[in-house]
Amino acid sequence: MKKVISISAAESQIMQALWRKSPLTPEEIIAMAGPPNGWADGTVRTLITRLLRKKALVGTREDGVYLYRPLIARADYIQAESQSLLDRLFQGQVAPLVAHFAEARALTAKDIQKLKRLIAELENDHD
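So for the sequence shown, our numbering puts the first residue at 3; every next one is plus one.
Right, dumping it as structure tokens:
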């Protein structure tokens, strides 16, 4: 089992930039994550440093330029965050989560069709 690294919402913005395109220089990360979040250069650099300490990303010097790459796959991060949400709010069960979304926000006909297809695929996998 992979070790889960805790990433804050702000740190996840840095990771999103790196998942979209990698490797990136510090300046490229600042340009991608800073303006949309209203962050100064120093804020982005602090978040990069935190992620380096957590071993969520790695930095290497190549041709005189520092480049960062993610050490965590986006799919692994989403899996860990999803499981954390399920565990915290729904005792690890998926059905109450789906029921909550169905009640709290009207599902479109397209949403319902996707859910039906997913359920049918899951049923076929269990047969």
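All C-beta atoms, glycine included, are put in the ideal place defined by N, C-alpha and C.
**Q.** According to DSSP, residues forming a beta bridge with GLU125
**A.** Translated into the one-based positions of the sequence shown, residue 125 becomes position 123. Paired residues: none, contrary to the question.
Q: Decide if the stretch 54 to 72 is in contact with the stretch 33 to 40; the criterion is three or more beta carbon pairs, one per stretch, under 8 angstroms apart.
A: no
Q. Can we count ARG52 as close to the ligand COA, meaning its CB is less than 8 angstroms from some heavy atom?
A. This structure lacks the ligand COA; in fact it carries no ligand of any kind.
**Q.** Straight-line gap, GLU105 to PRO25 (C-alpha atoms, nearest Å)
**A.** Stepping through the sequence shown from its first residue, residue 105 is reached at position 103. Stepping through the sequence shown from its first residue, residue 25 is reached at position 23. Between GLU105 and PRO25, the C-alpha separation is close to 42 angstroms.
Q. PRO72 by DSSP, collapsed to three states: which one?
A. Numbered from 1 along the sequence shown, position 70 holds the residue referred to as residue 72. PRO72: strand per DSSP, three-state reduction.
Q: Could you check the C-alpha separation between VAL46 and ILE16 for me, to the nearest Å?
A: For the purposes of this step, residue 46 is taken as residue 44 along the sequence shown, with counting starting at 1. For the purposes of this step, residue 16 is taken as residue 14 along the sequence shown, with counting starting at 1. Going by the C-alpha atoms only, they are around 8 angstroms apart.
**Q.** Whole-angstrom distance between LEU99 and LEU53, CA atom to CA atom
**A.** What you label residue 53 is simply residue 51 of the sequence shown in a count that begins at 1. What you label residue 99 is simply residue 97 of the sequence shown in a count that begins at 1. Rounded to whole angstroms, LEU53 to LEU99 spans 30 angstroms at the Cα level.
Q) Roughly how many angstroms separate the alpha carbons of ASP113 and ALA77, rounded to a whole number? A) Translated into positions along the sequence shown, residue 113 becomes position 111. Translated into positions along the sequence shown, residue 77 becomes position 75. Rounded to whole angstroms, ASP113 to ALA77 spans 22 angstroms at the Cα level.
Q) Which one of ALA111, GLU83, ALA101, LEU117 has the shortest CA to CA distance from ALA11? A) Against the sequence shown, residue 11 aligns to sequence position 9. For ALA11, the nearest C-alpha among the options comes from GLU83.
Q.
Under DSSP, the alpha helix (DSSP H) around GLY44 begins and ends at which residues?
A. By 1-based counting over the sequence shown, the position of residue 44 is 42. It spans 43 to 55 - the alpha helix (DSSP H) in which GLY44 sits, taken as one unbroken run.
(Q) Check for me: the beta strand (DSSP E) holding LEU59 runs from which residue to which? (A) Walking along the sequence shown from the start, residue 59 turns up at place 57. 59 to 64 is the extent of the beta strand (DSSP E) around LEU59.
**Q.** Per-residue DSSP class, three states only, for LEU109
**A.** If you number the sequence shown from 1, residue 109 lands on position 107. Coil, per DSSP.
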